[in-house]
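K.L.:
Protein chains in written order, with full-length UniProt numbering: chain A, 1 to 236; chain B, 1 to 236; chain C, 1 to 236; chain D, 1 to 236; chain E, 1 to 236; chain F, 1 to 236.
From the three backbone atoms N, C-alpha and C, an ideal C-beta is built for every residue, glycine too.
On a predicted model such as this, the values are computed, not experimentally measured, just so you know.
There's a structure below that I have some questions on.
6 protein chains.
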Amino acid sequence: MRVTLINPNTSRAMTDKIGRSAREVAGPGVEIAAVCPEFGPAAIESHTDEVAAAAAVLREVEAGQTAGVDGFVIACFGDPGLDAARELATGPVVGIAESAMHVATMAGRTFSIVTTLSRTLGRAHDLVRRYGFTEACVSSYATGIPVLDFEESTTEAFETIAAVCERAVRADAADSIVLGCAGMTDLCAALSERVGVPVIDGVAASVGLVTGMVRMGVGTSKRDEYALPFARATVL
Amino acid sequence: MRVTLINPNTSRAMTDKIGRSAREVAGPGVEIAAVCPEFGPAAIESHTDEVAAAAAVLREVEAGQTAGVDGFVIACFGDPGLDAARELATGPVVGIAESAMHVATMAGRTFSIVTTLSRTLGRAHDLVRRYGFTEACVSSYATGIPVLDFEESTTEAFETIAAVCERAVRADAADSIVLGCAGMTDLCAALSERVGVPVIDGVAASVGLVTGMVRMGVGTSKRDEYALPFARATVL
Amino acid sequence: MRVTLINPNTSRAMTDKIGRSAREVAGPGVEIAAVCPEFGPAAIESHTDEVAAAAAVLREVEAGQTAGVDGFVIACFGDPGLDAARELATGPVVGIAESAMHVATMAGRTFSIVTTLSRTLGRAHDLVRRYGFTEACVSSYATGIPVLDFEESTTEAFETIAAVCERAVRADAADSIVLGCAGMTDLCAALSERVGVPVIDGVAASVGLVTGMVRMGVGTSKRDEYALPFARATVL
Amino acid sequence: MRVTLINPNTSRAMTDKIGRSAREVAGPGVEIAAVCPEFGPAAIESHTDEVAAAAAVLREVEAGQTAGVDGFVIACFGDPGLDAARELATGPVVGIAESAMHVATMAGRTFSIVTTLSRTLGRAHDLVRRYGFTEACVSSYATGIPVLDFEESTTEAFETIAAVCERAVRADAADSIVLGCAGMTDLCAALSERVGVPVIDGVAASVGLVTGMVRMGVGTSKRDEYALPFARATVL
Amino acid sequence: MRVTLINPNTSRAMTDKIGRSAREVAGPGVEIAAVCPEFGPAAIESHTDEVAAAAAVLREVEAGQTAGVDGFVIACFGDPGLDAARELATGPVVGIAESAMHVATMAGRTFSIVTTLSRTLGRAHDLVRRYGFTEACVSSYATGIPVLDFEESTTEAFETIAAVCERAVRADAADSIVLGCAGMTDLCAALSERVGVPVIDGVAASVGLVTGMVRMGVGTSKRDEYALPFARATVL
Amino acid sequence: MRVTLINPNTSRAMTDKIGRSAREVAGPGVEIAAVCPEFGPAAIESHTDEVAAAAAVLREVEAGQTAGVDGFVIACFGDPGLDAARELATGPVVGIAESAMHVATMAGRTFSIVTTLSRTLGRAHDLVRRYGFTEACVSSYATGIPVLDFEESTTEAFETIAAVCERAVRADAADSIVLGCAGMTDLCAALSERVGVPVIDGVAASVGLVTGMVRMGVGTSKRDEYALPFARATVL
């Protein structure tokens with residue numbers, strides 16, 4: 001089985017890190033490719049960045065379809081371009097935000113999102129509502145750490161995030177923590193040990209979901225909304 | 001006061017029609033410019049089209065900001081790029097879908113959306129929920145008429161739409177009808193007369209909303225989420 | 001175009017102030033009349049007051065209909081008698097609470113309501129829910145200042161309100177502030193400057209909405225619920 | 001224990017009928033008074049009627065308070081003036097719409113409302129939402145029978161209502177029926193037998209609720225919103 | 001009329017206390033039996049306990065049905081086995097959690113739940129949502145006092161609970177308090193006096209509701225979901 | 001990795017079938033045990049059956065914990081005892097209803113549930129709401145086929161189910177179908193081919209979810225609600 005993880009920002013370091021995390025949890029028989037666009041925003045930290053990220057995601061899905069990939073992961077917490085990617089793919093497409101939230105609701109009743117910059121909290125809120133997890137998501141916090149600081153995660157970043165996670169558990173009774181950036185993937189295990197509740201990385205979560213769907217033969221429904229759109233020469 | 005209407009598809013005929021409708025309801029002292037991108041999708045009929053449309057909207061908002069425009073309208077029923085456009089603009093930005101729905105809730109309790117292709121109903125549903133009108137929107141219907149058929153609206157299209165509107169009033173107790181495509185703007189008055197309830201065109205609705213906001217001095221909040229994003233050379 | 005603003009309390013000073021604010025934003029070609037009942041409660045600060053206010057609103061709408069007024073504004077933050085007024089009017093009727101909230105949702109994602117006495121917060125909550133803005137309205141605060149103190153707004157009142165607005169922005173991440181009393185209309189511009197986010201006065205907001213609806217030819221749907229009710233000699 | 005049922009329309013025949021129904025289910029030790037205003041609308045069939053009805057209700061609650069009544073019932077399905085009545089009363093005040101709905105949710109999972117004129121369905125919908133029963137209320141139907149036809153319920157009215165109830169059970173899987181008019185109270189037992197599911201009359205339901213609250217010593221919370229309002233000479 | 005209160009834990013002291021409270025508010029003509037299982041959990045403080053409690057409730061409902069009991073109360077705040085009990089009973093079955101919440105919404109707009117251990121708050125949250133009271137329930141608090149400490153309520157427990165109630169009123173603007181354990185029934189009157197708002201004991205509330213339903217002839221709908229299930233020899 | 005599937009009814013034939021389906025999608029390195037209780041209801045078709053099923057599930061989870069099992073699946077569409085099982089387990093526990101719904105929301109926007117007897121639809125509705133999928137679940141249908149008919153699925157059952165699935169796709173615009181009984185697992189592939197949209201079997205879905213969670217090291221949060229409960233000798 002071949003799965004492509006699409007990091008929609010241009011950071012090669014982050015893309016490699018995401019690929020490593022995915023491979024660690026993929027289990028036997030799963031081949032993971034981690035890709036990123038050659039041009040576009042270096043980080044996705046605004047709605048404007050999301051628009052560019054969505055376009056990048058679509059180019060990679062088209063390439064993956066041509067190459068016969070079995071499933072796709074959109075490895076950016078805003079799940080940019082998810083609906084459009086489902087139009088272009090025949091196999092399953094999952095975002096890391098939705099993946100992390102789905103898993104969180106099975107690890108307990110409540111979760112809290114801990115993310116990067118406060119200006120992205122609105123997008124996170126939209127996703128929570130779109131996926132149906134308004135009641136489960138008891139709080140969301142920004143750490144103020146920009147995305148690109150996670151190209152190489154520092155002890156300082158770890159300490160900042162850990163403190164916010166502990167606050168969410170204590171003050172909001174969060175049963176688990178959802179990490180709000182693909183770049184935090186390498187901190188997940190240590191954070192979980194420190195905080196004492198499951199800390200959920202969407203990259204790892206997405207691999208379980210997408211490979212499970214491929215194994216059970218469930219792809220994207222091509223009924224109407226997600227059918228392949230009319231091909232337009234000038235779309236992207 | 002200067003207001004720019006952005007039609008994110010490349011149809012010049014439709015753009016001109018939208019401009020005429022907007023000027024008819026703009027009142028004295030309002031200068032309307034109707035623009036469209038030179039390249040991009042000819043019609044916005046899928047999530048993939050929406051991604052391209054959002055990028056086109058952002059380019060026009062940036063141009064308008066440079067030119068000192070007071071307010072913007074996104075003249076496509078999916079309101080593509082609305083959040084991102086609000087990051088780039090200082091004045092108000094409104095979409096025609098949200099505009100039509102806001103007005104509908106003041107013209108009665110309930111409304112029905114009558115739109116083009118069935119594959120766009122999911123996006124309409126998302127917008128209804130995002131704007132808070134889940135209870136007011138009692139139904140939504142696709143007529144099966146593609147967007148570009150509205151470059152020159154035909155009697156046949158009128159009859160098809162009128163029949164669906166009448167069904168929504170009779171079967172769903174809709175107090176008003178929200179037209180789900182900017183291209184239907186020239187049919188609005190005749191439909192309203194035929195159906196006997198307010199038929200609401202988002203283009204006309206958006207002009208009232210955006211000019212009212214400019215007059216009262218209310219633009220886009222620059223607090224955090226909608227502050228100007230970090231300028232990235234490669235965004236669009 | 002003729003628009004009547006109905007202040008349902010008996011304060012002539014407040015009625016005049018509201019009229020002035022409305023005229024400032026009305027644009028050319030709009031004639032504003034600001035009226036209030038001769039008897040009834042001096043201020044609307046309880047559900048009991050609301051019942052009397054609703055009756056006063058209906059008398060003024062009936063008078064306005066006879067005089068051929070094009071649209072109506074109910075200029076009290078509880079929007080008293082709104083449903084009944086829509087039965088009696090053929091043109092549009094908007095309340096200042098709904099108007100302010102509609103505008104707020106286009107100026108940002110979130111808003112906070114800052115109002116007079118705490119006992120009116122329940123009514124505000126009901127309106128937020130009725131209009132569909134439960135997610136957008138992130139908080140609501142009472143200042144403890146009675147309505148009639150706004151007949152002549154003082155510096156002290158301004159400072160009190162400003163402090164509450166600043167708290168809503170800081171603690172609740174409100175993108176804008178909705179003022180919860182028509183009497184605060186003259187403080188709006190200065191508050192907006194002080195607080196740094198849009199501060200929205202329902203009186204000004206309502207003028208944009210109602211004149212926009214008149215210009216586009218959209219009145220109240222007379223389908224069923226809002227059709228003219230059976231005339232009863234003894235109703236009011 | 002003394003309980004006052006307030007029929008806010010002026011029909012003496014209907015008031016007497018309501019009183020009889022209430023006494024049948026009141027149990028020992030409960031004294032029921034059924035009152036109606038001397039002037040006002042003969043039937044409550046519009047939002048405009050509701051405004052007048054609310055004023056009538058308040059006058060009767062004030063009279064009852066003076067007379068030392070223990071609890072109040074608002075015996076009109078729109079529950080007009082309920083919030084204001086709670087301000088004026090110290091004991092419990094319940095409406096027949098809320099009473100019927102509360103009981104329905106304990107008699108099964110789902111209920112359907114069967115009422116008089118279609119123009120009142122919007123108000124019923126508002127109450128369902130206000131009381132929290134959006135999921136339990138699976139449908140609502142108008143029979144087209146005006147309120148005053150229930151001064152003396154006919155076989156024809158019974159048959160019409162029974163047919164609608166049967167449709168609600170069959171098509172909407174309603175576990176019970178909530179009757180949408182106090183005037184239907186005398187049909188309740190026969191309808192229940194005919195339809196085969198509990199048919200719930202708000203008058204009977206309200207008596208159980210209000211007497212239960214009096215017996216357990218629970219009145220209206222006087223904390224803030226429902227505290228006695230500032231006395232205004234001109235309120236009603 | 002005969003009503004059976006089922007305390008699903010094995011504490012005879014608590015069962016007797018509950019029976020006394022119920023009889024105090026039952027009014028003339030109501031015979032109350034308070035029963036508890038001979039074996040099973042001594043207190044219901046976890047989901048695992050709830051499973052055992054549900055089985056105990058069903059055994060008592062079957063016994064009561066055989067004995068011709070008119071109505072049942074499940075006297076444990078988790079309302080364990082409520083749906084299943086409704087399948088087995090023909091008369092009404094009410095839980096004390098739902099009963100307290102129904103009454104609370106008629107005593108004011110908002111309520112707060114004050115209960116025993118924090119691990120039971122999730123179950124309370126589920127019930128609030130199931131019964132439709134998400135908006136009315138403004139907060140819920142655990143006191144940390146285990147259920148069995150209420151076999152004989154102490155002054156210390158009273159003071160702890162009173163302090164939490166006062167906090168809910170002050171910080172959350174709760175119009176009333178819902179007590180989250182049947183064992184608190186004897187503290188209710190003193191708490192209400194101390195806190196100054198209605199404090200609602202589900203045991204007392206349930207008696208009013210179930211006797212009211214019996215008097216009006218409304219039992220459990222036997223339409224489909226709550227019809228008597230297929231008898232299985234090995235069920236319990 | 002060892003995963004235990006718990007079929008809470010006593011049908012050995014159905015248990016074996018479920019085990020086979022699970023093994024087909026489990027991927028390398030996963031050892032599946034399918035177990036069922038020796039006594040208890042032969043099928044779970046009522047709330048009363050659910051109570052017994054929950055007790056059976058808990059016994060098997062306790063046994064699995066002792067044996068060091070890594071994760072658990074509750075293989076009955078009502079997800080009986082799920083909250084309690086999470087208290088007793090340290091690894092992940094998933095129900096087949098939640099699993100199927102999670103996967104369905106990633107295969108498209110909307111799904112429809114097709115299940116056995118109509119009396120179980122209320123429970124399905126509760127689960128949809130609990131898991132957050134109220135908007136995604138556009139309809140639910142009962143086929144009228146009892147659970148035990150699926151011990152050996154017949155062509156007639158297949159045709160009945162297929163017809164209902166096709167109706168859900170056509171009439172409700174369901175993007176996928178969720179099968180509402182573990183016993184339908186062997187029909188899934190043929191149904192999907194016939195209906196033309198993804199048909200989702202909760203047994204297969206649960207295997208992907210639970211093994212993914214084990215691989216990423218996420219079990220059940222032991223923070224508070226799902227911590228191991230106080231051991232009571234008499235619980236089960």
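Taking the alpha carbon of Ser153/A as the reference point, which residue from Ile6/A, Met14/A, Leu5/A has its own alpha carbon closest?
P.N.:
Comparing Cα positions, the closest option is Met14/A.
K.L.:
If we ignore side chains and look at the alpha-carbon of each, how far apart do Ala233/E and Val57/E end up?
P.N.:
Because Ala233/E carries a pLDDT of 46, less than 50, the predicted location of this residue cannot be relied on, and the following value inherits that uncertainty. Spanning the two alpha carbons is a distance of roughly 18 Å.
K.L.:
For Leu236/A, which residues in the same chain have their Cβ closer than 7 Å to its Cβ, ignoring the five residues on either side in sequence?
P.N.:
The predicted model places Leu236/A with a pLDDT of 49, which falls under 50 and marks its position as unreliable; any figure quoted below should be read in that light. Closer than 7 Å at the Cβ level, and outside the excluded window around Leu236/A, lie Ala55, Leu58, Arg59.
K.L.:
Determine, for Leu228/B, whether the minimum Cβ-Cβ distance to residues of chain C falls below 7 Å.
P.N.:
Judged by the 7 Å Cβ criterion, Leu228/B is not in contact with chain C.
K.L.:
Rank Ala174/F, Thr143/F, Phe150/F, Val147/F by C-alpha distance to the C-alpha of Ile161/F and give the top, closest one.
P.N.:
Comparing Cα positions, the closest option is Thr143/F.
K.L.:
What separation, rounded to the nearest whole angstrom, lies between the Cα atoms of Ser99/A and Ile44/D?
P.N.:
C-alpha separation (whole angstroms): 53 Å.
K.L.:
Does the Cβ-Cβ distance between Ala97/D and Asp79/D come in under 7 Å?
P.N.:
Closer than 7 Å, so yes.
K.L.:
Let me make sure I understand the geometry here. Which of Pro41/C, Ala227/C, Ser118/C, Ser139/C has the alpha-carbon closest to that of Asp170/E?
P.N.:
First, the residue type needs correcting, since residue 170/E is Arg and not Asp in the sequence shown. For Arg170/E, the nearest C-alpha among the options comes from Ser118/C.
K.L.:
Taking Cβ positions, are Gly208/F and Gly27/A nearer each other than 7 Å?
P.N.:
No, the pair does not count as a contact, with Cβ atoms beyond the cut-off.
K.L.:
Using a threshold of 7 Å, state whether the C-beta atoms of Arg130/D and Tyr226/D are closer than that.
P.N.:
Not closer than 7 Å, so no.
K.L.:
Pull up the CB-CB distance for Val73/F and Ile177/F, whole angstroms please, since I reckon it's below 8 Å.
P.N.:
Wrong, their Cβ atoms sit about 20 Å apart, outside the cutoff.
K.L.:
So which of Ala33/F, Asp172/F, Arg167/F, Thr185/F has the shortest CA-CA distance to Asp149/F?
P.N.:
Nearest C-alpha to Asp149/F: Thr185/F.
K.L.:
For the beta strand (DSSP E) that Glu31/B lies in, which residues bound it at each end?
P.N.:
Element bounds for Glu31/B: 31-35.
K.L.:
So what's Ile177/A in DSSP terms, helix, strand or just coil?
P.N.:
In this structure, Ile177/A counts as strand in the three-state DSSP scheme.
K.L.:
So with Cβ pairs under 7 Å, would you call Val235/D a contact of chain B?
P.N.:
Note that Val235/D scores a pLDDT of 45, beneath 50, so its modelled location is shaky and nothing firm can be said.
K.L.:
Listing by chain order, which chain C residues have their CB less than 7 Å from the CB of Arg109/E?
P.N.:
Simply Gly122.
K.L.:
Nearest CA to the CA of Ser192/D: which residue from Met216/E, Thr10/E, Val164/E?
P.N.:
If we check each option's Cα against that of Ser192/D, Met216/E comes out closest.
K.L.:
Would you report the Cα separation of Glu31/B and Arg23/C, rounded to the nearest angstrom?
P.N.:
Spanning the two alpha carbons is a distance of roughly 21 Å.
K.L.:
Report all residues from its chain with a CB closer than 7 Å to the CB of Ser139/F; omit the five preceding and five following residues, and keep chain order.
P.N.:
Around Ser139/F: Ser112, Ala168, Asp172, Ala174.
K.L.:
Here's the rule I'm using: 16 or more other beta-carbon atoms within 10 Å means buried, otherwise exposed. How should Gly68/D be labelled?
P.N.:
So Gly68/D counts as exposed.
K.L.:
Going by DSSP, what residues sit across from Ala142/B in a beta bridge?
P.N.:
Paired residue(s): Thr115/B.
K.L.:
Do we get a CB-CB distance below 7 Å when we pair Arg167/A with the residues of chain I?
P.N.:
Here chain I cannot be found, since the structure's protein chains are A, B, C, D, E and F.
K.L.:
If you scan the region 48-112 of chain A from start to end, which runs of the beta strand (DSSP E) of 3 or more residues do you find wholly inside it?
P.N.:
Fully enclosed beta strand (DSSP E) runs of 3 or longer: 71-74, 93-95.
K.L.:
Please name the residue, chosen from Ala75/E, Gly108/E, Pro198/E, Ala42/E, that lies closest to Ala182/E on a Cα-to-Cα basis.
P.N.:
Taking only the C-alpha atoms, the option nearest Ala182/E is Ala75/E.
K.L.:
Can you give me the C-alpha to C-alpha distance between Thr134/A and Thr155/B, rounded to a whole angstrom?
P.N.:
Going by the C-alpha atoms only, they are around 46 Å apart.
K.L.:
Can you give me the Cβ contacts of Cys188/C inside the same chain, cut-off strictly under 6 Å, excluding the 5 residues immediately before and after it?
P.N.:
Closer than 6 Å at Cβ, skipping near neighbours: Val199, Asp201.
K.L.:
Hey, would you say Val195/D sits closer than 7 Å to Cys165/D, going by beta carbons?
P.N.:
Contact: yes.
K.L.:
Might you give, ordered along the chain, the residues of its own chain that have their beta carbon closer than 8 Å to the beta carbon of Glu50/D, omitting 5 neighbours on each side?
P.N.:
So the list reads Ile44, Gly78, Pro80, Arg123, once near-sequence residues are dropped.
K.L.:
Going by C-alpha distance, which of Ala53/B, Arg12/B, Ala157/B, Ala63/B is nearest Thr116/B?
P.N.:
Among Ala53/B, Arg12/B, Ala157/B, Ala63/B, the Cα nearest to that of Thr116/B belongs to Ala157/B.
K.L.:
Report yes if the CB atom of Asp70/C is closer than 7 Å to the CB atom of Gly95/C, and no otherwise.
P.N.:
Not a contact, by the Cβ cut-off of 7 Å.
K.L.:
Can you list, in chain order, the residues of its chain with a C-beta nearer than 8 Å to that of His102/E? Leave out the 5 residues immediately preceding and following it.
P.N.:
Taken in chain order, the residues that qualify are Tyr131, Ala205, Leu209.
K.L.:
Can you give me the start and stop residues for the alpha helix (DSSP H) that Ile161/E sits inside?
P.N.:
Ile161/E -> alpha helix (DSSP H) spans 155-172.
K.L.:
Taking only the alpha-carbon atoms, compute the straight-line gap between residue 237/D and Thr220/E and give it to the nearest angstrom.
P.N.:
The displayed coordinates of chain D run from 1 to 236. Any statement about residue 237/D would go beyond what the structure contains.
K.L.:
From Ala63/B to Glu151/B, what distance separates their C-alpha atoms?
P.N.:
Computed Cα separation, rounded: 26 Å.
K.L.:
First and last residue of the alpha helix (DSSP H) that includes Val3/A?
P.N.:
Looking at the DSSP string, Val3/A is not in any alpha helix (DSSP H); the run it does join, the beta strand (DSSP E), is 2-6.
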